[in-house]
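Student: Basically this note's numbering = 1-based index in the sequence shown + 5. For every residue, glycine included, the Cβ atom is placed at its ideal position computed from N, Cα and C.
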Amino acid sequence: NRANHHAMDGTLDFNGNLYFSDDLNTNPYRSIGKIDGRTGEITNVQVVDFSEDNIESTVDVMGLGWMEVGVSLSTHLGDFACGVTPKFVRARIFDYSASALSADVSDFDVTDYQTDYENFNIDIGFARETADGWIIGMVGKNLIEQKYKGYRRDPVTQVIEPTGNVITISPTIQVGAARQEEWGTVAVDFDLQETEGFNGLPGSQYLSTGVELDPWGWGQVRAGYRANLSDSERSVLSAGIGISPFGIHVDLAVAGNKNELGAAAQFGFRF
């Protein structure tokens, strides 16, 4: 007697149907079929020729690095505080793609897949303090829409070619409210519109809340939660610290969830 060991791969669709394949390493053929999730009936069984040398899968990686330097100016117009921040922006696009068979990190050169952009943008905000101590406001960020195209160097011809991928940074409008006490500040803000998703990912529209503890007047501890109303799995927790002696501000923060992680650093001074 001889025992045969089979490894089965399957995919379950939304109708309860199971599509399976018989992955026998000793056989160059693979049998595929469909099991009806309601009746148990097996249909569409067929044998197909399969070769690991003909895999058509690709490895695709795309990212955006963002740096901005700005000067914030503010004044009062009646009961409203108004502010404007013209800023210089530097964006770096990373756009990599390779066949799953040919991808090789040993000769990988990151500069072959990155493109740098420089441009100017502007943020504008308005705020007003209510009689009961709350501050309500609205801010528009990146009011000049920018489009960043991906490029990569062809490994054979060494010619830099467009990839067809584009990252769009569109204007965003947020409204918010905050209350400041002796011990610190609590705040909540909301995106008025959904932001387009990055490279085919779901969009984002955030409802955020946070608290800042400032018992010493020169050192801050912050924590927050940002709920993505468009995709709950991309909601994030955040934490940060700040130091602000003599009108100088240094802020560090991290934010993330089980699939994403980000960090930010900010330096400023008040005059």
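1) What does a CB cutoff of less than 6 Å around residue 71 pick up in its chain, not counting 5 residues either side in sequence?
2) Our contact map puts residue 239 next to residue 262 with C-beta atoms below 8 Å; I'd like the distance itself, whole angstroms only.
3) Are the CB atoms of residue 271 and residue 249 nearer to each other than 8 Å?
4) Should residue 241 go down as buried or exposed, given a rule of 16 or more other Cβ atoms within 10 Å for buried?
5) Taking 8 Å as the threshold, find out whether the stretch 157 to 165 comes into contact with the stretch 123 to 132 through three or more Cβ pairs.
6) Determine which residues share a DSSP beta bridge with residue 153 and list them.
7) Considering only the beta carbon of each residue, do residue 123 and residue 92 sit closer than 8 Å?
8) Just verifying my parser: in three-state terms, what is the DSSP assignment at residue 243?
9) What residues are listed by DSSP as bridge partners for residue 101?
10) Take residue 144 as the anchor and find which of 62, 82, 223, 178 has the nearest alpha-carbon.
11) Could you have a look at residue 199 and say whether DSSP puts it in helix, strand or coil?
12) On the CB-based measure, 16 or more other CB atoms within 10 Å of its CB, does residue 126 come out buried or exposed?
13) Rounding to the nearest angstrom, what Cα-Cα distance links residue 243 and residue 161 in this structure?
Tutor: Let's see:
1) What you label residue 71 is simply residue 66 of the sequence shown in a count that begins at 1. The answer, listed in chain order, is 96.
2) The count along the sequence shown starts at 1 and reaches residue 239 at position 234. The count along the sequence shown starts at 1 and reaches residue 262 at position 257. Yes, residue 239 and residue 262 are in contact; Cβ-Cβ is about 7 Å, under 8 Å.
3) As a first step, residue 271 must be located in the sequence shown, where it is residue number 266. As a first step, residue 249 must be located in the sequence shown, where it is residue number 244. Not a contact, by the Cβ cut-off of 8 Å.
4) Taking the sequence shown and counting its residues from 1, the one referred to as residue 241 is at position 236. Flag for residue 241 reads buried.
5) no
6) The residue given as residue 153 occupies position 148 in the sequence shown. Beta-bridge pairing links residue 153 to 172.
7) As a position in the sequence shown, residue 123 is number 118, starting the count at 1. As a position in the sequence shown, residue 92 is number 87, starting the count at 1. No, the pair does not count as a contact, with Cβ atoms beyond the cut-off.
8) In the sequence shown, counting from the first residue as 1, residue 243 sits at position 238. The answer is strand: DSSP assigns residue 243 an E or B state.
9) Taking the sequence shown and counting its residues from 1, the one referred to as residue 101 is at position 96. Looking at the DSSP assignment, residue 101 forms a beta bridge with 66.
10) Sequence index remark: in the sequence shown, residue 144 carries index 139 (1-based). The residue with the shortest Cα to Cα distance from residue 144 is 178.
11) Position 194 of the sequence shown, counted from the start, is the residue given in the question as residue 199. Coil.
12) For this step, residue 126 is matched to residue 121 along the sequence shown. Buried.
13) As a first step, residue 243 is located in the sequence shown; it is residue number 238 there, counting from the start. As a first step, residue 161 is located in the sequence shown; it is residue number 156 there, counting from the start. Distance between the alpha carbons of residue 243 and residue 161: 44 Å.
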